[in-house]
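Residue numbers (my numbering), protein chains in the order written: chain A, 928 to 1090; chain B, -12 to 135.
By construction, the Cβ of each residue, glycine as well, lies at the ideal position given by its N, Cα and C atoms.
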Amino acid sequence: MTAEPITGIVTPIRLDYTYTPGTAPSGFLRGMKEGRILGRRCPQCSKVYVPPRGSCPMCGVEFADEVEVADTGTLVTFAVVNVNFANRVIDLPYVSGEVRFDGSDTTSMVLVQGIPVDEVRMGMRVKAHWLPREEWDFTFANIDYVEPIDEPDADYDSYREFV
Amino acid sequence: MTDTKVLSAPHSMEFPYTRSTGPMVGAFLTGLRDRRVLGVRDSAGRVVVPPPEYDAATAAVLPADDLIEVATEGVVTSWSWNPKPRAGQPFERPFAWALVQLDGADTGLLHALDAPRESIRTGMRVRIRWADETVGYIKDIACFEPAS
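Okay, structure coming up:
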């Protein structure tokens, strides 16, 4: 008996890091532990970054005050995912969205649930669905997903710079 | 009260790549499954193990259908002690990485050498210790061991 020749192999590559956030991201993660979304405002351009870095990437100025933003926001763009990747266990198809939380000038990638995928649209107003309080940790994963809220869609002009 | 404890967390990334082997590496791995080691003759007349698809000097395509079997025993041409093995390496205990030029080959094959550090020297004779089960993967060679 002759076995088939080898034509492919699986070669896992694994990297184990220990991540230590800086001062500004630490503030964000501590906020998450309390169910709050914290950013920082640039004293020069006034933009609020969530999660924050130590300084403004546009102005090069050190960020000043910590700012709490809302857990409601606008879905500025999204993708319908039809192919799962390794270790991800979400029913297909699902929507991966970029959400601008109200008060923030950046977007965050979040899972969108609570609506059929073919009804998801840019400008849709959404709210964070948090994990149960006892499960909150120092992680953005405390926000399990966002879901639509009963508000009119945002005007395109109000979020066009984030698309 | 301000919590001043520095945050820190493990962060692991794993990419489970599936790679197509191509004709040459595929034939080499198929050979390992049969406990045979194959090489190819390059434009300079040297037998290269493992066999590359293209000639290193001329970039000519080398013949995957004309591979040369070499011995499962050879000589250590270079080695390095690995005192702190990492996850996924051939042994959890300290071991050596060695370049082994198998008899009939003109190049070195990199693999683990299982021998006491004091006993290892360039020029020592070693042989392949095969895995209990061979599947067509480089780990079909469990390691090299001293040929006594």
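| Anyone know if the C-beta pair for L89/B and C130/B falls short of 9 Å? | No.
| query | Given that R22/B touches chain A, what residues does it touch there, using C-beta distances under 9 Å? | reply | Correct list: empty, because the minimum Cβ distance to chain A is about 13 Å.
| message | I want to verify the contact list: residues of chain B whose CB lies under 7 Å from the CB of F955/A, in sequence order. | response | The contacting residues do not exist; F955/A stays about 10 Å from chain B at best.
| field | Where G123/B falls, given that 16 or more other Cβ within 10 Å makes a residue buried | value | buried
| query | For V994/A, which option in T1004/A, G987/A, V988/A and P979/A has the closest C-alpha, if you only look at C-alpha atoms? | reply | P979/A
| Cβ of G935/A within 9 Å of any chain B Cβ | The Cβ of G935/A sits closer than 9 Å to at least one Cβ of chain B.
| said: Could you tell me the alpha carbon to alpha carbon distance between M1049/A and Y1086/A, rounded to whole angstroms? | reply: 9 Å
| task | With M959/A as the anchor, note down where its alpha helix (DSSP H) starts and where it stops. | result | T950 to K960
| query | Are the stretch 1062 to 1082 of chain A and the stretch 1034 to 1043 of chain A touching, with three or more C-beta to C-beta distances below 8 Å? | reply | yes
| Within the 9 Å Cβ cut-off, does Y944/A reach chain B? | yes
| message | So if DSSP puts E56/B in a beta bridge, which residue, or which two residues, is it bridged to? | response | L25/B
| query | So the beta strand (DSSP E) A14/B belongs to, where does it begin and stop? | reply | Segment G9 to R20 is the alpha helix (DSSP H) holding A14/B; no beta strand (DSSP E) there.
| query | Buried or exposed: which applies to V1016/A, given that a residue is buried once 16 or more other Cβ atoms fall within 10 Å of its Cβ? | reply | That one is exposed.
| message | Measuring straight from C-alpha to C-alpha, what distance separates V48/B and I936/A? | response | 22 Å
| request: Using a Cβ cut-off of 7 Å, pull out every chain B residue sitting near P1059/A, in sequence order please. | output: Neighbours of P1059/A on chain B: none; closest Cβ ~21 Å, over 7 Å.
| Is the beta carbon of G26/B sitting closer than 9 Å to the one on V36/B? | yes
| 7 Å Cβ shell around R1027/A - same chain, five flanking residues per side excluded | G1000, T1001, V1003, T1034, Y1086 and F1089
| Beta-carbon neighbours of S7/B, restricted to chain A and to distances below 9 Å | T934, G935 and I936
| field | R104/B (DSSP reduced to helix, strand or coil) | value | helix
| Near P10/B, which residues of its chain fall below 6 Å by C-beta distance, leaving aside the five closest residues on each side in sequence? | Annotation for P10/B: A51 place their beta carbon closer than 6 Å to its own, counting only its chain and skipping 5 residues before and after.
| What is the DSSP secondary structure of M928/A, reduced to helix, strand or coil? | Because the pLDDT at M928/A is just 47, under 50, the model does not fix this residue reliably, and the value given afterwards should be weighed accordingly. Coil at M928/A, not helix or strand.
| message | Does any residue of chain B have a CB that is nearer than 9 Å to the CB of T999/A? | response | Between T999/A and chain B, the shortest Cβ-Cβ separation is not below 9 Å.
| message | Is there a C-beta anywhere in chain B that falls below 9 Å from the one on R941/A? | response | yes
| said: Alpha carbons only, please: which of E1025/A, K974/A and Q971/A is nearest the one belonging to A1055/A? | reply: E1025/A
| What span of residues does the beta strand (DSSP E) with T1001/A cover, start to end? | That run of the beta strand (DSSP E) goes T999 to V1008.
| Between the stretch 55 to 62 of chain B and the stretch 74 to 94 of chain B, are three or more C-beta pairs nearer than 8 Å? | Because the criterion of three Cβ pairs below 8 Å is met, the stretch 55 to 62 of chain B and the stretch 74 to 94 of chain B touch.
| Going along the chain, which residues of the stretch 1064 to 1090 of chain A sit with their C-beta nearer than 7 Å to a C-beta in chain B? | F1065
| query | Shortest alpha-carbon distance to P1059/A belongs to which of P952/A, G962/A and T934/A? | reply | G962/A
| query | Does any residue of chain B bring its CB to less than 9 Å from the CB of A930/A? | reply | yes
| request: Leaving out five residues on either side along the sequence, give the residues of the same chain with a beta carbon under 8 Å from the beta carbon of Y1083/A. | output: M1049 and G1050
| At a cut-off of 8 Å, is P50/B close to the ligand NAD when judged by its beta-carbon and the heavy atoms of the ligand? | No copy of the ligand NAD occurs in the structure displayed, which carries no ligand at all.
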